[in-house]
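> My questions will all concern the structure given below.
Protein chains in written order, with the numbering used here: chain A, 1 to 1073; chain B, 1074 to 1536.
Listed below in structure tokens is the structure:
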């Protein structure tokens, strides 16, 4: 402590400046590393306010006193201090400072600010980090980079969407994803499922943010807290991600850059399966059985199968014939063959070419990018081609403008998955180990010799003797069906800045984001599923356009030497239109592969719907800068939106205090910078549109898989089971946070700490009404939840030498969510359709897993039946929580000359996960868990009370539920012990979901020595090797814990035959000219 | 300056609201439709209540189907939760009752629509109370957020009243009117009146008020043509087809009639056979055979366009027979039973074109029920023997309806001697299910919902 004061005292003593009055002139040229002159570099005589800036040629001239030291500074570059001594020409080369770059943040309104002056937290992800991650989608590149920001991709399919969750769940029924602001205008990040493909089973859908080419991005700013985002009012409750695309630099030569990345992708986890027992049931082989509880394969004779060649048979397109099996003798199994028939190593090649540069008044950035990916599942692919042209032009000192325009075209085929009899894993993993899937299509000949062409041969219909295969053969899934998506998207925005006075800027900014997303699902005749067995063609098109316009006036003035202020007032209008058209046929005239409704005599379903949302907002920000150390911002937005009854006001306030600016603290060696901050704000989530009125609707009734559709009865209506609500308000999230940003020991240690707490009230939910009221639901502001947690970001640069630098960095968040009120509704299902659902339940964190469960005694033990087995409880309830106790990232960076190494781990601690695939495969007898044989050392009972004597060998496992060991055999796994539906004890499907991933390991080498540049005329060449998701540590079996059956949304922690995740090896080269 | 600023702010705020006016009007769904267009939907909801999931479960618990695998394997062994009733519950209250309310409020003077909607209401609420016991009724589809559960006896009373009202409404319109939205009866008032009387009789029977049941059935459904059935168009597949067909298409291998007590009852080779010198059930056994593997394979009761029973002429005759035998005399009961047998013998009761087989239903005479007669080999009382045959016939004629399940519970207390000896589906239990568990949706949202007593608790009228 004494030393502390001593340090302060010494600091105070030497803080005065004593300058001599003799002067002379110094001149020089300032260049960057690429030898380009830099305009606008500040050159200041240290200890004074006197200085100048460089001109267009990078030249400066300054009168300096003797023994002065010059301070060269430019935003984004390292400051340099050079003593003048007796030099008269001082040429300086400025080095870019990545650390410093990050200090500039882009606010919700798209203006650049100094991060150290902000009272609200935000996280940055740099362009390099994004690109180096090797992720084909922009969103996934953000994973593990910032505290409190959770990124999970739905599965490893090329182009699959990803969940972004900032500080936990913030809404129940509203849009769960943060608002994306690209170059100042909101753009769509929708993840729409539509009618053609359902969330619980279909294909994974894309996140529209992944349309943006990561290579075009200059910076990504994640505004986590309510106060930073409040100006976006009712769209900001999930946070705001502000993305800025690249621009050219004024007065620079043309920069040409070409990059190519090649990636090899592999499946990262496989479900373990058994191949000891054959297809059948009760230990008896059956070639049509759904399950593999058949005979022991090793006990078969090994001879050829005995066949009935007298009548019907199947002849595959490869010419192989299959006859009815009389006796199964072959011991062959096909687990790996079948797997390899449909999986392979995926790959992508990404190429980017960009040109940028600028004259005195204009800059440009042009890029063209192409990503061409083949997924790990055969025939899955994704190709994204992007174009971008960003221009700025300065007319004069009063008027400047910029225009940024991007175009994306993406084409993708993804494979059907999840709860879906035409899905890949469902048919593959349920399939019998002794069934060879290779011959999946051919001609069936009946006893009379009549041919039936293009029949689908599956493990339950091994002769193809029925049009309906029950489950798809996986090869049919990958080869015969298609789910094509084509997207065309334009994002254009323009901005004019008028500065009529020194201290006033007027910005007019307008933009359009418009895309068409067309999906064509094609299921040939003979595809599994009642609605596809006769062939089905589904054509669905989304068109969405968002217009946005802001008029903003900003003024800055100093009230006195110590107090300056800035004031912003703006008006925004935002208009969103979305249209969907869906056409479906379920019965083809003939066995065609033409994806056109010409082959279909009738239309089964046709839907068109539209969505209109318009809002306008008046907003204002008042900022104060006090003594250059305390910064206060007050803001408010008054918003009127079409979806809301009346207007709504969103205030916020934040304060930052750079306490290290205090004279007494300013010269501490160990503490280079310190800031305390606090903020408070209010943001919202808009109600869904068109919910004011109770409508009449078309409908169908399904009590269980047997529908009655009014449209097939010449149409009709019913009064909607959802009651309208004309009094809708936004969901309102009120959040406060306090925190500090500290930098120690010459910025070697950087620490950011935040505690936040929010409460979200008036959450909109379909309040489950008692159906006896005549309505099932009413959409209403009814629920409340809260989040709180700590965010910690840290970096320690423990080695910093001229050529060598090493640092570790990390982040931590322990968000705690609790659903406080659902207005009497016991639970809200985020994932309808599954036997285990992810729900909101009062008193629990949002997203808890909910299902049938075992009856328990008061002490928590199972209430067992007479045979010692758990019993099915009559009601369902919460069985687990998929939210982590905490999450974190830990990384290591090192650079030595041109070499750079980056390693990033991500950890997810705690949380439950429903391994439904495993649970169902146990029922089907195909999972490795149920391939065991046990020799009993004592007499045991099975669930039916059958007794098995000591010494007998039985297929199954031994378990003890509390009343001594019992035998888990087919009787258990095919009744309440495994499987699906509400009559099995689904809680047994849960497992602990803790995981750690080696998210990234990358090594790059940059060639840019003067000799190299001289020889090649290139400014640099960078080689990068990256491994992505190379290693996974988890208790879960067979599944990547990040995959989610339900894709992007509030419901997670459930796997159900969901397509697997991937790991990737990438090699990249970038050539800069 | 300040004033101008404030004025600008206020003006902007006002203009704000104008900019978004009317944008939120629903562009996708109408907010007003002619009330007649709701009628067909009520009927589809009614079908969903009567001949879908709940009915199949009830039949699995009554020896008529076997659940083989997955959900149906579990349900078959009496593992059921409150979730199973959700869709049925919605069909009852949202699909039928609330739509009926709208129609009746919109068309107060339309006697036909008033009457039809009341009969449909009575149809679903009657099924609801019979299988669930105490259910909400008197306070439903109103502004009451938590409708009370009425006692089962009170619900039955209210049903008699609403059916009486329906009959008055239907009698007030000309007999010649018609309505194309009515997919059951084409809007013929006479058929609806008869259906209303049969329902009255059904509910009297369920409450063991046999005298009133007999009286009501006198005016009940008077011919096979007047039976209320669901005639599936069966053009597309799942969505417009026989529900057993759709079920087999979607859930092949879940459920079958093979190996059931019902099958053995019709099988002449089986010890349980009900075939005798005057009765050949071959055609019915063929027709009622439900393989359940896939829809296309079904040619009888589960074929794509086979009509499904809602309220049948057969039921009315058997109510007359049972209630007649109980409250009038043996001869009355026998006469009505023979009326049914004559109808069966005519071949009009079901379409045997695809399933074939022989049928024979000669009239029984009194001697057949006397000690040693073909319907009384075990020498019980003649009257009981007749009732036993009537009940057994109800068990067969009632295939595809709730009748077997309802009869089993009704007869368990006082008439066990003549009830169908339904086997248990698992050795684990010693009691039969007595009811269904109320919908989880209702339990979630209705604070007046009582704790569910479970499936083995008897409902009020069967206690």
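No residue lacks a Cβ here, since even glycine has one placed at the ideal position from N, Cα and C.
Since the model is a prediction, treat every value here as computed from it, not as a measurement.
#1: How would you list, in chain order, the residues of chain B whose beta-carbon sits under 8 Å from the beta-carbon of residue 769 of chain A?
#2: Pick from A/951, A/219, A/732 and A/193: whose alpha carbon is nearest that of residue 183 of chain A?
#3: Are there three or more Cβ pairs, one per stretch, closer than 8 Å when the segment 279-296 of chain A is compared with the segment 368-376 of chain A?
#4: Got a sec: is the Cβ-Cβ distance from residue 1431 of chain B to anything in chain A below 8 Å?
#5: Can you tell me the Cβ-Cβ gap for residue 344 of chain A and residue 411 of chain A, rounded? I've got them flagged as a contact below 8 Å.
#6: Mind pulling the chain E residues with CB within less than 7 Å of residue 1172 of chain B?
#7: Cβ of residue 457 of chain A within 8 Å of Cβ of residue 441 of chain A?
#8: According to the Cβ coordinates, are residue 1495 of chain B and residue 1464 of chain B closer than 8 Å?
#9: Output needed for residue 964 of chain A: all residues of its chain with C-beta closer than 8 Å, excluding positions within five of it in sequence on either side, in chain order.
#10: How about the segment 947-962 of chain A and the segment 1089-1106 of chain B: do they share at least three Cβ pairs that are nearer than 8 Å?
#11: So, under 8 Å CB-CB, residue 639 of chain A and residue 627 of chain A are touching, yes? Tell me the CB distance rounded to an integer number of Å.
#12: Is any heavy atom in the ligand FAD found nearer than 7 Å to the beta carbon of residue 334 of chain A?
#13: Compare the C-alpha of residue 116 of chain A against each of A/675, A/697, A/862 and A/641 and name the closest.
#14: Could you name each continuous alpha helix (DSSP H) segment of 4 residues or more that falls completely within the segment 1116-1150 of chain B, going from the start of the chain to the end?
#15: According to DSSP, residue 778 of chain A sits in a beta bridge with which residue or residues?
#16: When you check each C-beta in the segment 518-533 of chain A against every C-beta of chain B, which residues fall closer than 9 Å?
#17: Under 8 Å, Cβ to Cβ, is there at least one residue of chain B near residue 19 of chain A?
#18: Please classify residue 1029 of chain A: is it buried, with 16 or more other beta-carbons within 10 angstroms of its beta-carbon, or exposed?
#19: Checking contacts by CB at 8 Å: is residue 1258 of chain B closer than that to chain A?
#20: Indicate the three-state DSSP secondary structure (helix, strand or coil) for residue 995 of chain A in the structure shown.
#21: Determine, for residue 456 of chain A, whether the minimum Cβ-Cβ distance to residues of chain B falls below 8 Å.
#22: Please report the straight-line C-alpha distance between residue 578 of chain A and residue 551 of chain A, rounded to a whole angstrom.
#23: Answer with buried or exposed for residue 970 of chain A, where buried requires no fewer than 16 other C-beta atoms within 10 angstroms of its C-beta.
#24: Identify which residue in A/790, A/360, A/92 and A/497 has its Cα closest to the Cα of residue 510 of chain A.
#25: Residues of the segment 1185-1211 of chain B with a CB closer than 7 Å to any CB of chain A: list them in chain order, please.
#26: Enumerate in chain order the residues of its own chain whose CB-to-CB distance from residue 1391 of chain B is below 7 Å, with the five nearest sequence positions on each side excluded.
#27: Check the Cβ of residue 423 of chain A against every Cβ in chain B and list those closer than 7 Å, keeping chain order.
#28: Determine the DSSP secondary structure at residue 138 of chain A, reduced to helix, strand or coil.
#29: Consult DSSP for residue 337 of chain A and reduce its assignment to one of helix, strand or coil.
#30: Using a Cβ cut-off of 7 Å, pull out every chain B residue sitting near residue 909 of chain A, in sequence order please.
#31: When DSSP builds the beta bridges, which residues end up paired with residue 609 of chain A?
#32: Taking CB distances under 8 Å as the criterion, tell me whether residue 1127 of chain B reaches chain A.
#33: Decide yes or no for the touch test of the segment 657-675 of chain A against the segment 716-732 of chain A: beta carbon pairs closer than 8 Å, at least 3 of them.
#34: Can you confirm whether residue 1162 of chain B, when its beta carbon is compared against all beta carbons of chain A, has any partner nearer than 8 Å?
#35: When you compare only the Cα positions, how much space is there between residue 697 of chain A and residue 1393 of chain B?
#36: Residues bridged to residue 734 of chain A by DSSP?
Taking the geometry as given:
#1: 1218 and 1518
#2: A/219
#3: no
#4: no
#5: In fact, because the Cβ distance is near 20 Å, the residues do not count as touching under 8 Å.
#6: Protein chains in the displayed structure are A and B, and chain E is not among them.
#7: By the CB criterion at 8 Å, residue 457 of chain A and residue 441 of chain A fall inside the cutoff.
#8: No, they are not a contact pair.
#9: 868
#10: no
#11: With 8 Å as the limit, residue 639 of chain A and residue 627 of chain A do not qualify as a contact, their Cβ atoms being about 34 Å apart.
#12: Within the structure as shown, the ligand FAD is missing, as the structure has no ligands at all.
#13: A/675
#14: 1126-1133 and 1143-1149
#15: Note: residue 778 of chain A sits in a beta bridge opposite A/723 and A/767.
#16: Cβ proximity to chain B below 9 Å picks out 529, 530, 531 and 533 from the segment 518-533 of chain A.
#17: With a pLDDT of 39 at residue 19 of chain A, under the threshold of 50, the modelled position of this residue cannot be trusted, and the question is left open.
#18: buried
#19: Taking 8 Å as the threshold, the shortest C-beta distance from residue 1258 of chain B to chain A does not fall below it.
#20: In the structure shown, residue 995 of chain A sits in a strand (DSSP, three-state: E or B).
#21: no
#22: 25 Å
#23: buried
#24: The candidate whose alpha carbon is nearest that of residue 510 of chain A is A/497.
#25: 1209
#26: 1413, 1463, 1466, 1467 and 1470
#27: Within 7 Å Cβ-Cβ: nothing; residue 423 of chain A doesn't reach chain B, min ~15 Å.
#28: The answer is coil: DSSP assigns residue 138 of chain A none of H, G, I, E or B.
#29: helix
#30: Residues of chain B passing the Cβ test: none, with the nearest at roughly 32 Å.
#31: A/580
#32: yes
#33: no
#34: yes
#35: 42 Å
#36: Paired residue(s): A/682 and A/759.
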